[in-house]
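Peer 1: Numbering (my numbering), first residue to last: 21 to 160.
Can you read through this structure? Questions will come right after.
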Amino acid sequence: MIGSGNHFGGQSHSTPMSEINTTPLVDVMLVLLVIFIITAPLLTHAVKIDLPQASSQPAPDKPEVINISINEQGQVYWNESLLVEGELTTRLQQAGQLEPQPEVRVRADKETRYQVLAGLMADARNAGIKALGFVSDPKN
Numbered sequence: 021m022i023g024s025g026n027h028f029g030g031q032s033h034s035t036p037m038s039e040i041n042t043t044p045l046v047d048v049m050l051v052l053l054v055i056f057i058i059t060a061p062l063l064t065h066a067v068k069i070d071l072p073q074a075s076s077q078p079a080p081d082k083p084e085v086i087n088i089s090i091n092e093q094g095q096v097y098w099n100e101s102l103l104v105e106g107e108l109t110t111r112l113q114q115a116g117q118l119e120p121q122p123e124v125r126v127r128a129d130k131e132t133r134y135q136v137l138a139g140l141m142a143d144a145r146n147a148g149i150k151a152l153g154f155v156s157d158p159k160n
């Protein structure tokens, strides 16, 4: 049976090999080792540059927030305190002269007349208020 080719060293070709061939693994690891040895010094090379110096100033304080509320009867509240007729204009004038100028937030009932809101906006503009915002309920 020497020439049949079915047996090599007394074993059949259909039986699995009992040992792992590690030669390709060692070859790949040696190639990777050589690549890392060559490229590692290039990664530590740094370009020397002269960076500009930055200076920063502290951020200015947040301005005061003034909440003006108007109910459906047209009554005006300044930070939860009820104002009498004509007092709103005086307070807006005082707030317009503050530095930093406060942010005015207007909360008005949906039944409030437009005339009241227009008067408030005109008074704020005449007082020099620059930051005037309206607060609404996103659910409605």
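Using N, Cα and C, we set each Cβ at its ideal position, and we do this for glycine too.
Bear in mind the structure is a predicted one, so any value in this text is a computation, not a measurement.
1) Going by beta-carbon coordinates alone, are arginine 133 and isoleucine 86 separated by less than 8 Å?
2) So for alanine 128, helix, strand or coil by DSSP?
3) Could you check the C-alpha separation between isoleucine 58 and isoleucine 40 for me, to the nearest Å?
4) Rounded to a whole number of angstroms, what is the C-alpha to C-alpha distance between leucine 108 and lysine 130?
5) Alpha carbon to alpha carbon, how far is valine 155 from leucine 102?
6) For lysine 150, which residues of its own chain have a beta-carbon under 7 Å away from its beta-carbon, when the five flanking residues on both sides are left out?
7) Just to confirm the assignment: which complete beta strand (DSSP E) runs, minimum length 3, are found wholly within the region 78–144?
8) Spatial neighbours of tyrosine 97 within its chain, please: CB distance less than 6 Å, with the 5 preceding and 5 following residues excluded, ordered by chain position.
9) Do you know how far the Cα of alanine 142 is from the Cα of glycine 148?
10) Would you identify the three-state DSSP class for valine 155, choosing helix, strand or coil?
11) Applying the 10 Å Cβ sphere with the 16-neighbour rule, what's the burial state of threonine 35?
12) At a Cβ threshold of 8 Å, is glutamine 117 touching chain B?
Peer 2: On the basis of the data shown:
1) no
2) strand
3) 30 Å
4) 20 Å
5) 19 Å
6) Gln121
7) 85–90, 96–98, 123–128
8) Ser89
9) 10 Å
10) strand
11) exposed
12) Absence of chain B from the displayed structure is noted, only one protein chain being present.
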